[in-house]
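Note that our numbering has the sequence shown beginning at 523, numbered continuously upward.
C-beta: ideal position from N, C-alpha, C; glycine also.
Keep in mind it's a predicted model, so treat the numbers as computed, not measured.
Read through the structure below, which is laid out as structure tokens, and then see the notes.
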Amino acid sequence: MINLKPVTGYPNKVVLIDQTLLPLEQKNLEITSLDTMCDAIKRLVVRGAPAIGIAAA
Numbered sequence: 523m524i525n526l527k528p529v530t531g532y533p534n535k536v537v538l539i540d541q542t543l544l545p546l547e548q549k550n551l552e553i554t555s556l557d558t559m560c561d562a563i564k565r566l567v568v569r570g571a572p573a574i575g576i577a578a579a
């Protein structure tokens with residue numbers, strides 16, 4: 523089993539695994555603005571209450 527982090531934080535960006543593509547493909551999205559993060563949450567790029575909570579924080 524591969525250990526994947528759906529949300530990874532950096533000082534100026536957040537990197538999300540695009541969960542709409544799993545399990546066939548893994549693509550990371552770099553989020554640098556609040557508007558982009560809101561759009562990613564609405565499009566279910568990040569899923570599950572814990573991951574959404576971390577992403578929204």
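Counting C-beta atoms within 10 angstroms of its own C-beta, P533 has fewer than 16 neighbours from the protein chains shown and is therefore classed as exposed. Annotation for T558: the continuous alpha helix (DSSP H) segment containing it runs 556-564.
Check the Cα spacing between Q541 and each of G575, A579, A577, V567: the tightest is with V567. By the neighbour-count definition (other C-beta atoms within 10 Å, threshold 16), P572 is an exposed residue.
By alpha-carbon distance to C560, the top candidate from V537, T530, R569, A578 is A578.
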